[in-house]
Amino acid sequence: MQDSTPVAVGIDVGGTKTHLRAGAGSGADHVRTSSGWRPHNPVAAAAWLTALVHDALPSGTRPSAVAVGGHACETPRQCEALRVALQERLQVPCLVVGDAELLVPAAGLDRGVGLVAGTGSVAVGRLADGSPVQVGGWGAVLGDEGGGAGLVREAARAVWAAHDRGEAPDALADRLVAAFGVREVPALGAALESATDVSAEWGRHAPVVFAAAADGSLIAREVIADGGRALAALVVRLAERGAFVDDVVIAGSTILRQPALYEAFASALASALPSARPHRLGVPPVQGAVALAQSLLRPVSR
């Protein structure tokens, strides 16, 4: 039987898609849906990841180390339970972190903040002792300010407030009413509450907020400005807890595709933390998982 080649494997499990990439020129670069991902069940999640590794790696290769950035891996305890279960299955060094923790190594940095503003929003960093700390990420109902779903929620609140003040519907109200398929502003409440997948169903309407701002809606522009300030506040919160925040790596479809939100965030960040440097992530986050997997193979310095 021919010997197989060991490769470091990185996996980015997102809310909708999963990206596996292996180093050492293996050619493994595999994307599939995240259907079946159950991060709160470490045994099931480890089995899911193991099957992914076996399916995605080319013939003649095997994992030498595996690092996973997992959507909804929210606490160190949860990540460690999954790491243990995965390592027992694969019998190689493994590491499991939240998916936002892939951003800093993906950018080639040793430390800093990873900030995601896609459908939701979250920021992660490391304390001086190396322990991880996460802020935000509370979901569309309770939080996710500055993410797509949070922006839609706040936009709806803002047009309801304008309606209660007796103001005529503006471009934002008109676009939201059309997007949710209702006839008037008061009906937006029932439309939002009827969503079965709140984050996804609210978040897909986020472009409406930016289109209304471009149409001249002052309400939409303020919602976007508030979203940018809320994202900057996540970084401030990390700084207050002692995390290193001089470099902030930014990813997520909403903030990277919408210049108005990025500029609002960058302006608020510069005002609150002048030493913090924002960096747009220019490579797939899975590259950070590959870097973490490779780090598991390096000798520990004494």
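Quick note on numbering: the sequence shown equals residues 298 to 599 in the numbering used here.
Yeah, the Cβ is synthetic: ideal placement off N, Cα and C, and Gly gets one too.
Are there 16 or more other CB atoms within 10 angstroms of the CB of residue i, so buried, or fewer, so exposed?
{"i": "residue 337", "result": "exposed"}
{"i": "residue 398", "result": "buried"}
{"i": "residue 447", "result": "buried"}
{"i": "residue 418", "result": "buried"}
{"i": "residue 458", "result": "exposed"}
{"i": "residue 400", "result": "buried"}
{"i": "residue 374", "result": "exposed"}
{"i": "residue 472", "result": "buried"}
{"i": "residue 298", "result": "With a pLDDT of 36 at residue 298, under the threshold of 50, the predicted position of this residue should be treated as unreliable, though the coordinate-derived value follows. It is exposed - the Cβ of residue 298 has fewer than 16 other Cβ atoms within 10 Å."}
{"i": "residue 439", "result": "exposed"}
{"i": "residue 568", "result": "exposed"}
{"i": "residue 309", "result": "buried"}
{"i": "residue 348", "result": "exposed"}
Closer than 7 Å by C-beta to residue i: which residues in its own chain qualify, once you throw out the five before and the five after it? Chain order, please.
{"i": "residue 512", "result": "468"}
{"i": "residue 425", "result": "539"}
{"i": "residue 520", "result": "448, 451, 452, 455 and 506"}
Starting from the C-beta of residue i, find all residues in its chain whose C-beta is less than 6 Å away, skip the five residues before and the five after it, and write them out in chain order.
{"i": "residue 610", "result": "Residue 610 lies beyond the residue range present for the chain, which begins at 298 and ends at 599; the question has no answer from this structure."}
{"i": "residue 470", "result": "456 and 482"}
{"i": "residue 588", "result": "402"}
{"i": "residue 498", "result": "492"}
Please look up how many angstroms separate the CB atoms of residue i and residue j, rounded, as I've assumed it's under 8 Å.
{"i": "residue 581", "j": "residue 316", "result": "6 Å"}
{"i": "residue 456", "j": "residue 503", "result": "Actually they are not in contact, since the Cβ atoms of residue 456 and residue 503 sit about 15 Å apart, beyond 8 Å."}
{"i": "residue 246", "j": "residue 396", "result": "Since the first residue of the chain shown is 298 and the last is 599, residue 246 is not available in this structure."}
{"i": "residue 422", "j": "residue 540", "result": "3 Å"}
{"i": "residue 318", "j": "residue 584", "result": "7 Å"}
{"i": "residue 527", "j": "residue 557", "result": "14 Å between Cβ atoms; not a contact."}
Less than 8 Å between C-beta atoms, sequence neighbours within five positions excluded: which residues of the same chain meet that for residue i?
{"i": "residue 376", "result": "367, 370, 393, 394 and 395"}
Looking only at DSSP bridge pairs, what is residue i linked to?
{"i": "residue 575", "result": "545"}
{"i": "residue 316", "result": "309 and 328"}
{"i": "residue 504", "result": "DSSP, once it has assigned bridges, lists no residue as partnering residue 504."}
Determine, for residue i, whether the minimum Cβ-Cβ distance to residues of chain D falls below 9 Å.
{"i": "residue 419", "result": "Absent from the structure is chain D; it holds one protein chain and no more."}
Validate contact between the region 344 to 356 and the region 314 to 333 using beta carbons, cut 8 Å, 3 pairs: yes
Would you check if the region 380 to 392 and the region 339 to 348 touch, i.e. whether three or more CB-CB distances between them fall below 8 Å? yes
Using a Cβ distance threshold of 8 Å, determine whether the region 357 to 371 contacts the region 386 to 395, with at least three qualifying pairs required. yes
Do the region 570 to 590 and the region 425 to 436 meet, that is, are 3 or more Cβ pairs less than 8 Å apart? no
Cβ contact check for the region 526 to 540 and the region 487 to 494: 3 or more pairs under 8 Å: no
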